[in-house]
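Q:
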Amino acid sequence: MLYWTLIFLVVALVAGLFGFGGIASASAGIAKILFAIFIVLFLLSLVFGVVRGA
């Protein structure tokens with residue numbers, strides 16, 4: 001999932017560089033959402049790993 005976040009971030013940067021504002025903002029929004037989901041899943045994985053190990 002982090003891979004897709006980076007892909008959308010690169011697409012947003014390239015689109016912004018070439019002046020495609022709508023595509024850049026949409027790609028940046030998708031990247032932000034995917035990154036937030038990645039962080040939540042990562043934290044849940046850490047919590048469940050600690051609980052199972054205890």
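Quick note: the sequence shown uses the numbering used here, first residue 1, plus one each step.
Glycine included, every Cβ here is placed at the ideal spot set by N, Cα and C.
1. Looking at Phe8 and Ala31, is the spacing between their C-beta atoms short of 7 Å?
2. Ala36 and Ala24 - do their beta-carbons sit closer together than 7 Å?
3. Hey, quick one: how far does the alpha helix (DSSP H) through Phe48 stretch, first residue to last?
4. Under the rule that 16 or more other beta-carbon atoms within 10 Å means buried, what is Leu34, buried or exposed?
A: To lay it out plainly:
1. The answer is yes: Cβ separation under 7 Å.
2. Cβ distance not < 7 Å, so Ala24 and Ala36 don't count as in contact.
3. Start and end: 21-53.
4. Flag for Leu34 reads buried.
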